[in-house]
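In my numbering, the protein residues as written are 534 to 734.
All C-beta atoms in this analysis are idealised placements derived from N, C-alpha and C, irrespective of residue type, glycine included.
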């Protein structure tokens, strides 16, 4: 149970034991890359393709904003005010939906910071949800499929190649598109590993 800034009580629970843990890729857009930056959009996509995205209405004490960042992601303060979801609501939904799953992000040092800001602003423990690095998910999946038949150097080269080849000519800089890109890369790594095993390398 958690109490948000408004005094509203949110109840949350851990994932049922019967629910299988899935890989989930998550991404945030934020006000800037400064120490005071805060999240303004979040999206996640499960390995089975289910996804969700939401604009985040800034909390009352969130005052960071950068015009150059807005020019990149295209999310205005007016849009957040009119269509953003309250911090307490989106944080509660994330804890409810994502607890018990394996969460990954392309840049967990940044995305983890914004996740922590969001959770704490809503009254949740900062580590109610934890993020791993997408690349670790790629490596684990490939290694699970190939076992010891591929060296660390070969595995790194395979993953690096997929990441490079899947880069968008013009980055979307929106949370859902970026999360989906990580899922796409994970699937490409999985298929490449399967193909390698089927063809003997």
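Count the other C-beta atoms from every protein chain shown that fall within 10 angstroms of the C-beta of residue i, then say buried if there are 16 or more, exposed otherwise.
i           : result
residue 704 : exposed
residue 564 : buried
residue 638 : buried
residue 646 : buried
residue 714 : buried
residue 607 : exposed
residue 566 : exposed
residue 740 : This structure gives no information on residue 740, because the portion of the chain shown stretches from 534 to 734.
residue 655 : buried
residue 697 : exposed
Which same chain residues, not among the five before or five after residue i, have their C-beta less than 7 Å away from its C-beta?
i           : result
residue 721 : 695 and 699
residue 709 : 576, 584 and 586
residue 628 : 545, 657, 661 and 662
Beta-carbon within less than 6 Å of residue i's beta-carbon, same chain only, minus the 5 sequence neighbours each way: which residues are those?
i           : result
residue 588 : 574, 613, 616 and 617
Can you name, in chain order, every residue of its own chain whose Cβ lies under 8 Å from the Cβ of residue i, other than the five neighbours on each side?
i           : result
residue 725 : 675, 691 and 695
residue 554 : 548, 633, 634 and 635
Going by the DSSP bridge assignment, what does residue i pair with across the sheet?
i           : result
residue 584 : 578
residue 590 : 619
residue 816 : Outside the modelled stretch of the chain, which goes from 534 to 734, sits residue 816, for which no answer is possible.
residue 562 : 574
Is the beta carbon of residue i within less than 7 Å of some heavy atom of the ligand ADP?
i           : result
residue 600 : The model depicted lacks the ligand ADP and carries no ligand whatsoever.
query: Between the stretch 674-685 and the stretch 566-583, are three or more C-beta pairs nearer than 8 Å?
result: no
- prompt: Would you call the stretch 601-619 and the stretch 659-678 in contact, with 3 or more CB pairs under 8 Å?
  reply: no
query: Enumerated in chain order, which unbroken segments of the alpha helix (DSSP H) with a length of 4 residues or greater are wholly contained in the stretch 607-659?
result: 610-616, 620-631 and 641-654
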